[in-house]
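Trainee: In my numbering, the protein residues as written are 7 to 271.
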């Protein structure tokens, strides 16, 4: 039986569409996550960015790979049901940590989160992957938007730099250009959400988010996890996150001292 937060239908939806809503995944951890985001913004890590772009208004802060130095994030990763739900969605015996990601759009932030797939930025490939995107404020707009079925596309979407919009790698031939899902009539899935709800999506699912035109900030915590078949893969250039000095080779499972196993069945 799957975890009580999800049903067999949810699992089928995740595998078919590459995205599903999990109500209340972090409902018992919202205040802890809010404290963690505050700590993160007060002391940003080396990958933090305010995504400053000419002509844009507001502030769009994002940062990642901070869970080992921010106790609140570590606590939620270890005590929430996220790993159990991930195992059910992925159909995996093992759930392994990849990284965390914080995104904050202050009121009046015009910059959207560009359409992208997470997978092409990463040095990991596999069919058993899941990202959880959880708002820490009620979401009526500026929600995460996912293109249903895009995780099954034959080719990956070109990873780009969010501010400059340049291709992330010098060798771009293996990727397709970033599409315009609305103009191309793709099925876009988005949800009204309460703090602690989570959108679960495959690393290969095309997704983005609007700017924040509301009068209150929009904080979100993301958690990226991998399963049994995830393996290290080389990309045409440095990946994001880079994890310098990892010393892994293609085809290797992610090293457990850097990417610990959160659940093993």
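A virtual CB, placed ideally from N, CA and C, is assigned to each residue, including glycine.
If you draw a straight line from the C-alpha of residue 243 to the C-alpha of residue 166, how long is it?
Mentor: Those two C-alpha atoms are separated by around 12 Å.
Trainee: Going by alpha carbons, who is nearest to residue 255 out of 133, 62, 238 and 263?
Mentor: 238
Trainee: Residue 173 by DSSP, collapsed to three states: which one?
Mentor: strand
Trainee: If you follow the alpha helix (DSSP H) that residue 327 is part of, which residue opens it and which one closes it?
Mentor: Residue 327 is absent from the model: the chain starts at 7 and stops at 271.
Trainee: Taking all protein chains shown into account, do 16 or more other C-beta atoms lie within 10 angstroms of the C-beta of residue 60, making it buried, or fewer, making it exposed?
Mentor: exposed
Trainee: Output needed for residue 16: all residues of its chain with C-beta closer than 6 Å, excluding positions within five of it in sequence on either side, in chain order.
Mentor: 26
Trainee: If we ignore side chains and look at the alpha-carbon of each, how far apart do residue 216 and residue 114 end up?
Mentor: 11 Å
Trainee: Just verifying my parser: in three-state terms, what is the DSSP assignment at residue 265?
Mentor: coil
Trainee: Nearest to residue 135 by alpha carbon, out of 72, 29, 11 and 158?
Mentor: Looking at the Cα atoms, 158 is the closest of the given residues.
Trainee: May I have the straight-line CA-CA distance separating residue 45 from residue 147, to the nearest angstrom?
Mentor: 25 Å
Trainee: If you follow the beta strand (DSSP E) that residue 47 is in, where does it begin and where does it stop?
Mentor: No beta strand (DSSP E) contains residue 47, which is instead part of the alpha helix (DSSP H) from 36-48.
Trainee: Mind checking who residue 59 pairs with in its DSSP beta bridge?
Mentor: Bridge partners of residue 59: none, in fact.
Trainee: Going by other Cβ atoms of all chains shown within 10 Å of its Cβ, with 16 needed for buried, is residue 85 buried or exposed?
Mentor: exposed
Trainee: Residue ranges of each beta strand (DSSP E) run of no fewer than 3 residues wholly in the segment 181-210, ordered along the chain?
Mentor: 204-207
Trainee: Are residue 139 and residue 82 close, meaning C-beta to C-beta below 7 Å?
Mentor: no
Trainee: When DSSP labels each residue in this structure, what does residue 7 get in the three-state scheme?
Mentor: coil
Trainee: Could you tell me which residues DSSP puts in a beta bridge with residue 235?
Mentor: Bridge partners of residue 235: none, in fact.
Trainee: So what does DSSP say about residue 91, is it helix, strand or coil?
Mentor: helix
Trainee: The alpha helix (DSSP H) that contains residue 161, what's its start and end?
Mentor: Looking at the DSSP string, residue 161 is not in any alpha helix (DSSP H), and its letter there is neither H nor E.
Trainee: Are the segment 24-41 and the segment 182-202 in contact at 8 Å, needing three or more beta carbon pairs?
Mentor: yes
Trainee: Rounding to the nearest angstrom, what Cα-Cα distance links residue 125 and residue 220 in this structure?
Mentor: The straight-line gap separating the alpha-carbon atoms of residue 125 and residue 220 is approximately 30 Å.
Trainee: In three-state terms, what does DSSP make of residue 64?
Mentor: coil
Trainee: In the DSSP assignment, what are the bridge partners of residue 215?
Mentor: Paired residues: 119 and 150.
Trainee: CA-CA distance, residue 19 and residue 95?
Mentor: Whole-angstrom Cα-Cα distance: 9 Å.
Trainee: Just the Cα atoms here: how many angstroms apart are residue 252 and residue 246?
Mentor: 13 Å
Trainee: If you pair each beta-carbon of the segment 95-113 with each one of the segment 224-236, do three or more pairs fall below 8 Å?
Mentor: yes
Trainee: Tell me the rounded alpha-carbon separation between residue 223 and residue 109.
Mentor: Cα to Cα, residue 223 sits roughly 11 Å from residue 109.
Trainee: According to DSSP, is residue 20 part of a helix, a strand, or is it coil?
Mentor: Note: residue 20 maps to helix in three-state DSSP.
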